[in-house]
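Numbering (my numbering), first residue to last: 1107 to 1454.
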């Protein structure tokens, strides 16, 4: 059905560019920036009507539209519980009333260790005993959903294991052979949510960009694009989210090579130039995209900045609740993504 939403458009007057031509993030505290940053002044707000047509993915009666409430017979097993994302998911799930199974998979070096999160002691098992352990846990908890935040090199092996056992899972781990991942899960015909980006609001932004690219191809032809992204120093590759947004700009007519992305990984630069709070240098995701018209008289700027991991953890829990609902409704056994979760409209 068609729904009308109102988006607030902010038209800012672009006054000065930095002496250094490198792009810079606008400060969250002050929009008047120093030499190393872009300066903005003035803001004219207008309301623009936007009509988005979305088709329901399934018939739903009164019973079908009821959400799966937190804690109502849902158990999760978080693999990678010793990592920061794994711990964040456990905390978010515990707050939502979801049962946490005290079992997890890790590396051979982690086998036998106990990780304490939210007052729960979770035993970590190594690769050698994974199938036996998972089968046992799934038999004991038939409502089980596995959450995977392990490492890229484990993605395909883990997916094969989940498919073999037949356990539903939510995978936020990036990397691995993605084509093989999808082929494995599709062949097994099990319930799964797979998404390298679990932040609901970021996913919504990406979806809006895709709609714009589809509806208005070539709208930004001739415009130049500058992209800067900042992540914790441990992230060596360019942001997948940035690449997805850039792909949309390319559809909109902008010429841009992915290797032009400016990666900021130095903590000092992140604090002083980007504006990352010092306490979040070890866990953040800041992105900025700046478009300039051929004659330099028009500019557009998009930013999405994330501090910490709570946005991804909350999105993961929503994906778990979504998948539990699909299972109870006996919906199609297939791979879902975060767009499906957003469209369901039952997020907390």
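Note that the Cβ used here is the ideal one computed from N, Cα and C, for glycine as well. No experiment lies behind these values; they were computed from the predicted model shown.
If we require 3 or more residues per run, which beta strand (DSSP E) segments fall completely within the region 1368-1439? 1368-1370, 1390-1398, 1405-1413
Within the same chain, show all residues whose beta-carbon is closer than 7 Å to that of residue 1357, passing over the 5 residues directly before and after it, in chain order. 1319, 1323
Cα-Cα separation, residue 1409 to residue 1284: 28 Å
My output table needs one value for residue 1196: the three-state DSSP class, helix, strand or coil. helix
May I ask you to report which of helix, strand or coil DSSP gives residue 1244? helix
Identify which residue in 1260, 1275, 1259, 1263 has its Cα closest to the Cα of residue 1248. 1275
Are the region 1227-1246 and the region 1373-1389 touching, with three or more C-beta to C-beta distances below 8 Å? no
Inspect the beta-carbon positions of residue 1344 and residue 1373 and report whether they are closer than 8 Å. no
Is the separation between the beta-carbon of residue 1269 and that of residue 1290 shorter than 8 Å? yes
Inter-residue spacing [alpha-carbon to alpha-carbon] between residue 1355 and residue 1316: 9 Å
Cβ neighbour criterion (16 or more within 10 Å) applied to residue 1429: buried
Three or more C-beta pairs below 8 Å linking the region 1326-1341 and the region 1430-1448: no
Nearest to residue 1243 (by Cα), restricted to the options 1350, 1265, 1187, 1182: 1182
For the region 1424-1439 against the region 1290-1300, are there 3 or more C-beta pairs whose distance is under 8 Å? yes
Which value, in whole angstroms, describes the spacing of the CA atoms of residue 1192 and residue 1381? 27 Å
Bridge-paired residues (DSSP) for residue 1442: 1299
My output table needs one value for residue 1263: the three-state DSSP class, helix, strand or coil. helix
Leaving out five residues before and five after residue 1418 in sequence, what residues of the same chain have Cβ atoms less than 6 Å from its Cβ? 1304, 1305
Tell me whether residue 1351 sits in a helix, a strand or coil according to DSSP, three-state version. helix
Please state the DSSP three-state secondary structure of residue 1304. coil
With residue 1291 as the anchor, note down where its beta strand (DSSP E) starts and where it stops. Looking at the DSSP string, residue 1291 is not in any beta strand (DSSP E); the run it does join, the alpha helix (DSSP H), is 1284-1294.
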